[in-house]
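**Student:**
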Amino acid sequence: MFEQFDFEQLFQLQRETKPIVVMMCGVAGSGKTTFAKILEKKGFVRLSIDEEIWTTNGRWGIDFPMEKLVEYRASAEGKLRLQLIQLMKDKQHVVIDFSFWDRSRREDYKRLIESSGGKWVLLYLQVEVEELQKRLQLRNQRADANSFPISDELLASYLKRFEVPKGEGEIVVRN
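Each residue of the sequence shown is one higher than the one before, counting from 1 in the numbering used here.
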């Protein structure tokens with residue numbers, strides 16, 4: 001899936017004195033979690049909003065109603081932001097497994113990372129819509145923290161709201 005990506009550039013950054021924070025950016029099914037887990041195996045601490053919600057509240061649509069998702073997401077993100085700050089203080093390299101679908105949130109995290117003594121890397125995973133649909137059909141059959149069901153209609157609404165990073169210092173990974 002990520003054969004073309006030069007991971008060495010990220011691993012070289014790990015040698016810096018500042019903690020590196022990789023911000024994953026992409027819509028559902030783009031491969032953010034897969035990529036983040038590769039970095040986790042290489043020493044990055046992975047923070048996942050979906051896994052935090054799963055651990056704390058269960059699976060949306062099954063263990064709690066969809067209406068609670070915004071509330072639970074905000075709570076999970078607040079907790080993970082505090083963890084991120086502490087990890088940077090501890091000089092840990094981090095990968096944030098969020099979608100970062102809007103520019104304002106990306107800019108907010110960049111400021112947070114810089115003000116906490118870290119260096120950010122924004123990785124945008126770009127995938128064609130047809131490939132996203134195929135991946136999500138397979139993923140929808142699973143029952144884990146990273147596999148909540150996403151219909152073609154929900155994907156279309158995600159794509160409509162997604163703000164593609166342009167001129168933000170992003171690294172584009174086509175997969």
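Think of the CB as a built atom: it goes at the ideal place given N, C-alpha and C, for glycine as much as any other residue.
Small disclaimer: the values here were computed from a predicted structure and weren't measured.
1. Within the same chain, show all residues whose beta-carbon is closer than 6 Å to that of E130, passing over the 5 residues directly before and after it, in chain order.
2. Quick one: any contact between the stretch 112-125 and the stretch 64-73, if contact means 3 or more CB pairs under 8 Å?
3. Take the Cβ of K91 as the centre, count every other Cβ of all protein chains shown within 10 Å, and call the residue buried at 16 or more, exposed below.
4. Do the stretch 70-80 and the stretch 30-39 touch if we need at least three Cβ pairs shorter than 8 Å?
5. Buried or exposed: D102, going by 16 or more other Cβ atoms within 10 Å of its Cβ?
6. Would R174 be called buried (16 or more neighbouring beta carbons within 10 Å of its own) or exposed?
7. Roughly how many angstroms separate the alpha carbons of L124 and S48, rounded to a whole number?
8. For E163 and R59, what's the separation of their Cα atoms in angstroms?
9. Taking all protein chains shown into account, do 16 or more other C-beta atoms lie within 10 angstroms of the C-beta of A76, making it buried, or fewer, making it exposed?
10. Would you give the residue range spanned by the alpha helix (DSSP H) that M24 belongs to?
11. Over what stretch of residues does the beta strand (DSSP E) that includes Q126 continue unbroken?
12. Where does D63 fall in DSSP's three states?
13. What are the start and end residues of the alpha helix (DSSP H) that includes E170?
14. For a test of the three-state rule: what should DSSP assign to D50, helix, strand or coil?
15. Please classify A74 as buried or exposed, where buried requires at least 16 neighbouring CB atoms within 10 angstroms.
**Tutor:** In short:
1. Walking along the sequence shown from the start, residue 130 turns up at place 130. Non-local C-beta neighbours of E130 in its own chain, meaning closer than 6 Å and more than five positions away in sequence, are absent.
2. Output reads no: the stretch 64-73 does not touch the stretch 112-125.
3. As a working note, residue 91 is residue 91 in the sequence shown. Exposed is the call here.
4. When Cβ pairs closer than 8 Å are counted between the two stretches, the stretch 70-80 is seen not to touch the stretch 30-39, the count staying below three.
5. As a working note, residue 102 is residue 102 in the sequence shown. Exposed is the call here.
6. Here residue 174 is taken as the residue at index 174 of the sequence shown, counted from 1. Around the beta-carbon of R174, fewer than 16 other beta-carbon atoms lie within 10 Å, marking it exposed.
7. Locating residue 124 in the sequence shown gives position 124, where the first residue counts as 1. Locating residue 48 in the sequence shown gives position 48, where the first residue counts as 1. Rather than Leu, the amino acid found at residue 124 in this sequence is Tyr. The alpha-carbon separation between Y124 and S48 amounts to approximately 16 Å.
8. Position 163 of the sequence shown, counted from the start, is the residue given in the question as residue 163. Position 59 of the sequence shown, counted from the start, is the residue given in the question as residue 59. For E163 and R59, the distance between alpha carbons rounds to 26 Å.
9. Locating residue 76 in the sequence shown gives position 76, where the first residue counts as 1. Residue environment analysis places A76 among the buried positions, since at least 16 neighbouring C-beta atoms fall within 10 angstroms of its C-beta.
10. Taking the first residue of the sequence shown as position 1, residue 24 is located at position 24. Counting along the chain, M24 falls outside any alpha helix (DSSP H), though it belongs to the beta strand (DSSP E) covering 20-25.
11. Position 126 of the sequence shown holds residue 126. Run containing Q126: 119-126, per the beta strand (DSSP E) assignment.
12. Position 63 of the sequence shown, counted from the first residue, corresponds to residue 63. If DSSP states are grouped into helix, strand and coil, D63 belongs with coil.
13. The residue you call residue 170 lines up with position 170 of the sequence shown. Where E170 is concerned, there is no enclosing alpha helix (DSSP H), although the beta strand (DSSP E) it sits in stretches over 170-174.
14. Taking the sequence shown and counting its residues from 1, one reaches residue 50 at position 50. D50: helix per DSSP, three-state reduction.
15. Residue numbering aside, residue 74 sits at position 74 when the sequence shown is read from its first letter. Counting Cβ neighbours within 10 Å, A74 comes out exposed, since fewer than 16 surround it.
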